[in-house]
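Asks:
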Amino acid sequence: MTAARRHVRSIDEVGRERIIKLLALTGHMHEINQRPVPKVPALRGRVVCNLFLEDSTRTRLSFDTAAKRLGADTVAFTGSGSSLSKGESLRDTVETLAAMRLDAIVVRHRSAGAPWQIAQWCEAAIVNAGDGRHAHPTQALLDAYTIGRRTGRGADLSGLRVAIVGDIVNSRVARSTTAIASMLGAEVTHVGPSTLLDPRLDVQRCTDLDQIIGDVDVLYMLRMQNERMDAAPVPPGGEYTRRFGLTPERAANIRTDALLMHPGPINHGTEMTVDPSTMPQSAITDQVSYGVAVRMAVLFDLLGTGEMEEES
Amino acid sequence: MTDAGCGAVVDDIVITGGTLVDQSGSRRGDVRIRDGRIVEVAESLTVGDERVIDAAGLLVTPGFVDLHTHLREPGMPEAETIESGSRAAALGGYTAVVAMPNTDPTQDSVEVVEWVAARGRAAGWCDVYPSGSITIGRAGRELTPIADLAAVGVRLFTDDGSGVQDDAVMRRALEYAGDLDVRLAQHCEVATLTRGAVMHEGHCCSTLGLPGWPALAEELMVHRDIELVRLTGSSVHLLHLSTARSVELVREAKADGLAVTAEATPHHISLTDERLRGFDAVFKVNPPLRTMADIEAVRDGLIDGTIDAIATDHAPHPRHHKERPLEEAPPGMLGLETALGVARASLECSWEHLVGALSWRPAAIAGVADRHGRPFIAGEPANICVIDPDLQWRVDPAALASRSTNTPFIDIDLTGRVRHTVHDGRVVVADGSAVTR
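Residue numbers (this note's numbering), protein chains in the order written: chain A, 1 to 312; chain B, 313 to 749.
1) List the residues of chain B whose Cβ lies closer than 8 Å to the Cβ of A/Gln-211, in chain order.
2) Anything in chain A within Cβ reach of B/Gly-405, meaning under 7 Å, just list it in chain order.
3) Residues in the same chain with beta-carbon distance under 7 Å from A/Ser-312, minus the five sequence neighbours each way, listed in chain order, please.
4) Using beta-carbon positions only, say whether B/Ala-651 and B/Thr-624 come within less than 8 Å of one another.
5) With a threshold of 7 Å on Cβ separation, who are the neighbours of A/Thr-74 within its own chain once the five nearest residues in sequence on each side are excluded?
6) Taking A/Thr-195 as the reference, give the member of A/Ala-124, A/Thr-247, A/Val-234 with the closest Cα.
7) Could you check whether the Cβ of B/Phe-688 sits closer than 8 Å to any Cβ belonging to chain A?
8) What residues in its chain sit with their C-beta under 6 Å from that of A/Ser-82, if we drop five residues either side in the sequence?
9) If you drop the 5 nearest sequence neighbours on each side, which residues of the same chain put their C-beta closer than 6 Å to that of A/Ala-3?
10) Take the Cβ of B/Gly-545 as the centre, count every other Cβ of all protein chains shown within 10 Å, and call the residue buried at 16 or more, exposed below.
11) Check whether the Cβ atoms of B/Val-359 and B/Thr-328 lie closer than 8 Å to each other.
12) Note down the Cα distance separating B/His-665 from B/Arg-536, rounded to an integer number of angstroms.
13) In whole angstroms, give me the CA-to-CA distance for B/Ile-607 and B/Leu-614.
14) For B/Ser-518, return the contacting residues in chain A, with the cut-off set at a CB-CB distance below 7 Å.
15) By Cβ distance, which residues of its chain are closer than 7 Å to A/Ala-76, with the 5 residues on each side in sequence left out?
16) What first and last residue would you give for the alpha helix (DSSP H) that runs through B/Trp-427?
17) Mind pulling the chain E residues with CB within less than 7 Å of A/Leu-90?
18) Is it the case that the Cβ atoms of A/Ala-252 and A/Met-29 are separated by a distance below 8 Å?
19) Thinking C-beta only, is A/Ala-163 closer than 8 Å to A/Leu-219?
20) Grouping DSSP H, G and I as helix and E and B as strand, with all else coil, what is A/Leu-84?
21) How about B/Glu-531 and B/Thr-555: do their beta carbons lie closer than 8 Å?
22) Beta-carbon of B/His-515 versus every beta-carbon of chain A: anything under 8 Å?
23) Pull the bridge partners of B/Gln-704 from the DSSP assignment, please.
24) Do the CB positions of B/Thr-456 and B/Ser-445 come within less than 8 Å of each other?
25) Using Cβ-Cβ distances below 7 Å, what residues of the stretch 578-597 of chain B are close to chain A?
26) Please name the residues in the stretch 132-147 of chain A whose beta-carbon is closer than 9 Å to at least one beta-carbon of chain B, in chain order.
27) Do B/Ala-678 and B/Val-377 come within 8 Å of each other at the CB atom, strictly closer than that value?
28) Could you pull the start and end residues of the beta strand (DSSP E) that A/Gln-204 belongs to?
29) Examine chain B for any beta-carbon lying closer than 8 Å to the beta-carbon of A/Ser-323, and answer yes or no.
30) Looking at C-beta atoms only, is the number of pairs between the stretch 182-200 of chain A and the stretch 513-522 of chain B that lie closer than 8 Å three or more?
31) For the structure I just gave you, are there three or more beta carbon pairs, one from the stretch 684-702 of chain B and one from the stretch 479-494 of chain B, closer than 8 Å?
32) Between the stretch 121-131 of chain A and the stretch 142-159 of chain A, are three or more C-beta pairs nearer than 8 Å?
33) How is the alpha helix (DSSP H) around B/Leu-670 delimited, first residue to last?
34) Mapping DSSP to helix, strand and coil, what is A/Ala-181?
35) Rounded to whole angstroms, what's the CA-CA distance from A/Pro-248 to B/Val-476? Just pull it up for me.
36) Select from the stretch 148-177 of chain A all residues with a C-beta closer than 9 Å to any C-beta belonging to chain B, and list them in chain order.
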C-alpha cells in the first residue's frame, strides 16, 4: 500500500483511477441505503474517529451515519479548533487518539494541511472532511456522483459546462469540486467578483453571471464564507446578491435540463433569493442524500477487505 | 573574554598554513595571537609553545557577524538561551551576533539590554550585542529611550517581528535617531496585507488554500522607508529582503546615494515556497519563502552588493510549537550553524565577497567594525574563523547546539563548514566542536 492509497485527503492525491472506482462503489452504497434496513456488517469491528476541530453538523452526521451503516464503531472528538489555546499541540491530540488504535480518522480542521500533519503522527487511515480553504474531497465526490447520476453520464463528465459561483478564494469546496470535475472532463468556470476569484488557479474565470447562466449544464452556487474574510471583498448591502445571487429573474434563465447545486448550508437572501425546492433543476437534496453513500464508499475503500459482503 | 574574569583562558595561538581572506583579498599567511590580539602576520611563522591550529588547505577569515539573531532570552528559554544560541553562533563561525529585541520583556530599556549583554559575556562564546526596539514594547507608538540605550552600547534598533506600521512614527524615529550614532533596521511588512498569512501569495499558496503573504506587503514598506530616508537624511537597514522588487528598490536607492543597507537570509536564497507542499511548519517563516525568480534576484543582489550582508534570522522554536497546524505555528527557522554552508552552495562568487557579506559588511552595519570583521594586521582583535571550504555535509538536527531543531536544511547538501572559531583570542570552536572552558 502506498501512502496515497491509505488516505483520502485531496482529489489530486486520490487520482482519477481510484476516483472512478469510488464513484462506482458509491452507486452500490446508494442501493444499500434504499433497503428497508440500510445496514451491512462490512466494517464490523473497525473503529472510526470523527475528529472535528471546526464547527460542522452536516458533514459529521453524514460520516457518522456512513460508518454505522457499514457496522463500524465510531468515536467522536470535537473541539474549538485551536489546539494552541488549550496548550496542547495537534500532535499531542493525535498521539492520544492513536493510542486508542483507531482504524480511520475523519478530520475536519480550520487549517489547511492538518490531515497531512496528522498522517505523520499516527497509523490510521486519514479522511479529509475539510481542511481550511484547501480541500474537501468527499464533498467533491458527492458532487461528481450527483452530476453523473442526474445527467446519466456516470463518471464521464466530458464537455459538461460547470459554473461555480461565489466565494471561490475562500472555498475548499470550490477547489476540490473543480479538481474532480476537471479530472472527469467537465469545463469549469469560476464566477464572481475578482475579489473572490483566484487568478492563480488554472481555470476559466468570469465576472458576469448573466453572461453565462443560460449556457451552463451545472450551476453550482457557493456559500459566502463570511467567517473567513477580512477586508470585506464585496460592498455591504445587497450588491453581491444583485450581481451574483440566484434571483427569481436569473433562475428563469437557467436551462430546464441544467442542475442547480449548493454545498449547504445556504445563506438565504445572499447567494439565493429563490427557494431551490421549487426548482426542478435543484439537485441539492440529492447532494445530501448521496453524501452518506459517498462516505460509505470512502470508508469501505480504506478499511474494507475485498468485495462488499452482502448481509443476507 | 578578559574583562569577564576569564583572562586566564586566553590562548596563545598560531594559525599555520592557511589562506587568509580579508578586505585586501586572499593570500597565504600564518597568524600569531597573544592576549586576545593578532600580534604577527607573515607568510611563515616559527612556532614556540603556543597552541597550533593547522589550517593547511583551509581558509582563515575574520569572524562572522550576524545582524539578525533571535536568542529568545529573556522569555522563551525552552526555545533557546543566550548560552545555547551564542554557542550555535560560534559553531557557525560567528564572533558577534546582534540579538533581536522581541524578547519578553522587550529589549526596550537599559535594564533588559544590559541583562542580555551580561548573559552574553558570561556565556563567552561570542560577542552578544543586544539591539533595542524602536518603540516601547514593539507596539509601534512611543519611541524607546534611544539615546540612553545608545549610551550603554546599543547600535541597532528595530521592532523586528513586525515593522513600524505608522508612517509618522517611523519618520520621527528616523529623525530622532539621525542625531545619534545608531542605525534603525526595519522588518518590512505592511500588516494589513498579511493578516493570518502563512506563506508567499503565489501559485502554490492558491492550490494549498493557505492564506497568502503578498510580496507587495514587503515592497510597500521598503519603498516607504527609502522615501523616509530621502526625506530625513537618516539611514535605515532593511532586514531579510525576500522579493525581486525589493532588491530593485534598494538598488535604485543606492544609486541615488541614499544611506540604505540591506540583508538577506540563507533560506531566502535557497528554498522556495514549494517546500510548504508537505504542510510542514518548519518551512513557515516571516517573510515567507518565495519563488525561484525571487531567489535569483536576491542572489544577484548579494553578488552585486545591492544587498550588503547575509544575516541568519536564526529563530528557534520548540518542536511542539512547530507541530501545529500551519496557521497556528510560529514563523521562523534555525540558521546560525548552517549559514556558511547554505550561502556557499547558493552563491557563485569569490570567497572574499562571500566572507565580506558574512563578516566585515555586517560588522559595519552593526556598528561593531572596531572589533569585528577586521583585516589580518598586527594589533587587531583576534576574532577569527577557520573554514574548510570544500567540505560537503548534511545537517543532523539533533546534533545542533541550538535548543530547538527547526532547521529547514535537513535534505540539502551544504558546501563548506567552520572548523575553528577564535573569539577574543580564545579557541571557542575546535575541529567543529564547541570547547568548554
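The C-beta atom is built at its ideal place from N, Cα and C for all residues, glycine as well.
Replies: Considering the structure as presented:
1) Those do not exist, as A/Gln-211 stays about 24 Å from chain B at its closest Cβ, beyond 8 Å.
2) Correct list: empty, because the minimum Cβ distance to chain A is about 34 Å.
3) Note that A/Ser-312 scores a pLDDT of 38, beneath 50, so its modelled location is shaky and nothing firm can be said.
4) yes
5) Answer for A/Thr-74: Val-48, Asn-50, Asp-64, Ala-67, Lys-68, listed in chain order.
6) A/Val-234
7) Output row for B/Phe-688: interface = no.
8) Unreliable positioning characterises A/Ser-82 in this predicted model, as indicated by a pLDDT of 47, which lies under 50. The coordinate reading is nonetheless provided below. Closer than 6 Å at Cβ, skipping near neighbours: no residue.
9) Residue placement at A/Ala-3 is flagged as unreliable, the pLDDT there being 45, under the threshold of 50; the coordinate-derived value follows with that caveat. Excluding residues within five positions, none has a Cβ falling inside 6 Å.
10) Under the 10 Å beta carbon count, B/Gly-545 is surrounded by fewer than 16 other beta carbons and is classified as exposed.
11) Going by C-beta atoms, B/Val-359 is nearer than 8 Å to B/Thr-328.
12) 29 Å
13) 11 Å
14) Asp-198, Arg-200, Leu-201
15) Asn-50, listed in sequence order.
16) 422-435
17) The structure shown contains no chain E; its protein chains are A and B.
18) Against a cut-off of 8 Å, the Cβ pair of A/Met-29 and A/Ala-252 comes out as no contact.
19) Judged by beta-carbon spacing, A/Ala-163 lies within the 8 Å limit of A/Leu-219, meaning their Cβ atoms are closer than that value.
20) Confidence in A/Leu-84 is poor, its pLDDT being 43 and thus under 50, which makes the residue's placement unreliable; the coordinate value appears in the next sentence. In the structure shown, A/Leu-84 sits in coil (DSSP, three-state: anything other than H, G, I, E or B).
21) yes
22) yes
23) B/Thr-727
24) yes
25) Gly-590, Phe-591
26) Gly-132, Arg-133, His-134, Ala-135
27) yes
28) Looking at the DSSP string, the run of the beta strand (DSSP E) that includes A/Gln-204 is 204-206.
29) Summary: the structure shown does not reach residue 323 of chain A, with chain A confined to residues 1 through 312, and so no result is reported for it.
30) Yes, they touch.
31) no
32) Segments in contact, no.
33) Under the DSSP assignment, B/Leu-670 falls in the alpha helix (DSSP H) whose first and last residues are 663-670.
34) Reduced to three states, the DSSP call for A/Ala-181 is helix.
35) A direct Cα-to-Cα measurement between A/Pro-248 and B/Val-476 gives close to 50 Å.
36) Val-169, Asn-170, Ser-171, Arg-172, Arg-175
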